[in-house]
DNA sequence: TAGACGCATTGATGTAGGATAAGAAATGAA
DNA sequence: TTCATTTCTTATCCTACATCAATGCGTCTA
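Chains as they are written, first to last, in my numbering: chain A, 23 to 219; chain B, 23 to 219.
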């Protein structure tokens with residue numbers, strides 16, 4: 023599992039093999055089964071999770087017991103609650119495994135060590151933060167104005183591969199609609215001869 | 023105008039007066055009247071705007087011509103399109119003045135110079151980024167699940183002072199509802215004897 | 001000081017999407 | 001295989017919110 027993390031990591035930074043190994047020898051990795059919960063709402067998020075294989079998600083549960091999916095993380099993605107991780111405060115989020123997945127656990131020691139020895143790591147981290155903001159802002163904008171259909175079309179345009187791996191009720195939860203509505207939207211799209219693939 | 027920027031800036035970083043002046047001597051500041059547009063959708067955002075007095079907002083306009091307010095920036099706030107600014111790409115946003123406002127224009131030279139000479143500036147910038155993410159994520163979560171009333175209550179809880187300065191149709195636009203609906207929500211709250219202040 | 005403009009309110013009516021329920025189809029476990 | 005569980009679909013009804021339209025009211029301005 024560390025191999026794919028190494029490939030990922032070195033594609034984004036300029037670390038040599040030695041540098042990489044000097045800071046990764048303490049990293050834990052683990053295979054978890056479908057349904058495993060990696061972070062509970064209310065707990066402090068001590069790790070970012072790199073997915074080398076499989077699929078994770080983050081979500082909240084509101085007062086009425088409803089889940090709202092915030093993010094999906096397939097292969098070569100990192101998922102975390104950034105504010106909880108950074109500010110050491112209780113997380114709003116759950117993170118769990120949608121499929122059996124292989125995870126590398128990234129902790130603060132690693133982040134600090136990498137930031138210490140590599141300018142490009144710091145740059146890369148900054149880029150990731152700005153991408154995250156861009157993505158969230160776009161989502162806010164869609165939620166403010168777009169219809170269920172527009173949001174669904176946007177989703178499958180951006181995550182075509184994910185669409186095939188994720189159950190529809192989860193996509194619905196990400197879009198902020200019910201599974202029934204998503205089913206109707208899809209039916210309507212099919213009627214109008216729309217082909218996603 | 024630069025004075026309040028200096029106070030703000032030095033409260034967040036450890037720059038000495040000399041250091042501060044060495045990097046701010048090129049900063050522009052300006053008073054703009056109500057309604058002035060500082061950034062147009064499609065343009066690249068070359069500045070972050072520090073508000074020393076007054077009130078700015080950022081918003082999008084969708085295909086149907088509707089405005090969706092993304093953010094408000096009163097005194098001592100900085101507003102910008104971070105992704106456009108950082109990645110040098112066309113902005114999704116407009117930024118304009120809700121009131122007559124005094125602005126300090128922060129450009130990349132300033133950011134780079136400050137980052138160069140001050141560790142605490144870099145830290146502060148990082149904190150700001152993480153706060154931004156936290157705020158956006160919370161907003162996504164509210165938009166996914168909460169009713170108009172819940173969102174309004176959340177807004178006045180977080181921005182009690184702003185609520186008095188901003189017209190209701192703008193608050194409605196921020197919340198993703200129509201002014202009519204907001205008016206009814208307020209009426210309903212009043213009936214149930216809710217007092218905002 | 002009139003009128004014009006922006007904003008808030010209210011009412012009447014429309015509609016996208018939610019809730020509920022029930023059956024079909026897929027998946028999975030034994 | 002069979003039985004169970006989860007997911008998807010469909011139909012009916014319902015509700016939160018939008019849309020449209022009219023009115024009133026403050027405030028700017030000419």
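We put the beta carbon where it would ideally sit given N, CA and C, even for glycine. Quick caveat: nothing in here was measured; it's all calculated off a predicted structure.
Would a check of beta-carbon distances place residue i closer than 8 angstroms to chain B?
| i | result |
| --- | --- |
| residue 237 (chain A) | As displayed, chain A neither begins before 23 nor continues past 219, which places residue 237 (chain A) out of reach and without an answer. |
| residue 92 (chain A) | yes |
| residue 88 (chain A) | yes |
| residue 141 (chain A) | no |
| residue 18 (chain A) | For residue 18 (chain A) there is no data in the structure shown, the boundaries of chain A being 23 and 219. |
| residue 82 (chain A) | yes |
| residue 165 (chain A) | yes |
| residue 69 (chain A) | no |
| residue 246 (chain A) | Outside the displayed range of chain A (23 to 219) lies residue 246 (chain A), so it cannot be described from this structure. |
| residue 161 (chain A) | yes |
With 16 as the cutoff for other CB atoms within 10 Å, does residue i come out buried or exposed?
| i | result |
| --- | --- |
| residue 37 (chain A) | buried |
| residue 219 (chain B) | With a pLDDT of 44 at residue 219 (chain B), under the threshold of 50, the modelled position of this residue cannot be trusted, and the question is left open. |
| residue 86 (chain B) | exposed |
| residue 114 (chain B) | buried |
| residue 35 (chain A) | buried |
| residue 44 (chain A) | exposed |
| residue 141 (chain B) | exposed |
| residue 64 (chain A) | exposed |
| residue 145 (chain A) | exposed |
| residue 179 (chain A) | exposed |
| residue 169 (chain A) | exposed |
| residue 33 (chain A) | exposed |
| residue 150 (chain A) | exposed |
DSSP puts residue i in a beta bridge; with which residues?
| i | result |
| --- | --- |
| residue 59 (chain A) | A:118 |
| residue 90 (chain A) | A:82 |
| residue 112 (chain B) | B:66 |
| residue 95 (chain A) | A:78 |
| residue 100 (chain B) | B:72 |
Would you say residue i lies against chain A (beta-carbon separation less than 8 angstroms)?
| i | result |
| --- | --- |
| residue 198 (chain B) | yes |
| residue 206 (chain B) | no |
| residue 108 (chain B) | yes |
| residue 169 (chain B) | no |
| residue 158 (chain B) | yes |
| residue 219 (chain B) | At residue 219 (chain B), the pLDDT of 44 sits below 50, so the modelled position is not reliable; the number obtained from the coordinates is stated separately. Answer no: the Cβ-Cβ gap between residue 219 (chain B) and chain A never drops below 8 angstroms. |
| residue 138 (chain B) | no |
| residue 202 (chain B) | no |
| residue 78 (chain B) | no |
| residue 152 (chain B) | yes |
| residue 33 (chain B) | no |
| residue 114 (chain B) | yes |
Are the CB atoms of residue i and residue j nearer to each other than 8 angstroms?
| i | j | result |
| --- | --- | --- |
| residue 46 (chain A) | residue 78 (chain A) | no |
| residue 116 (chain B) | residue 58 (chain B) | no |
| residue 165 (chain B) | residue 198 (chain B) | yes |
| residue 102 (chain A) | residue 111 (chain A) | no |
| residue 190 (chain A) | residue 211 (chain A) | no |
| residue 42 (chain B) | residue 126 (chain B) | no |
| residue 194 (chain B) | residue 185 (chain B) | no |
| residue 129 (chain B) | residue 90 (chain B) | no |
| residue 54 (chain A) | residue 119 (chain A) | yes |
| residue 49 (chain B) | residue 24 (chain B) | yes |
| residue 155 (chain B) | residue 175 (chain A) | no |
| residue 30 (chain A) | residue 98 (chain A) | yes |
| residue 152 (chain A) | residue 108 (chain B) | yes |
| residue 132 (chain A) | residue 100 (chain A) | no |
| residue 188 (chain A) | residue 163 (chain B) | no |
| residue 121 (chain B) | residue 52 (chain B) | no |
Taking the continuous beta strand (DSSP E) assigned at residue i, which residues delimit it?
| i | result |
| --- | --- |
| residue 75 (chain A) | 70-75 |
| residue 124 (chain B) | 123-128 |
| residue 51 (chain A) | 50-54 |
State the start and end residues of the unbroken alpha helix (DSSP H) segment that holds residue i.
| i | result |
| --- | --- |
| residue 106 (chain B) | 104-109 |
| residue 82 (chain A) | That residue, residue 82 (chain A), is in no alpha helix (DSSP H); its beta strand (DSSP E) goes 78-83. |
| residue 203 (chain B) | 201-213 |
| residue 181 (chain A) | Note, residue 181 (chain A): premise wrong, no alpha helix (DSSP H); not H, not E. |
| residue 47 (chain A) | Neither: residue 47 (chain A) is in no alpha helix (DSSP H) and is coded neither H nor E. |
| residue 198 (chain A) | Where residue 198 (chain A) is concerned, there is no enclosing alpha helix (DSSP H), given that its DSSP letter is neither H nor E. |
| residue 150 (chain A) | 141-167 |
| residue 26 (chain B) | 24-34 |
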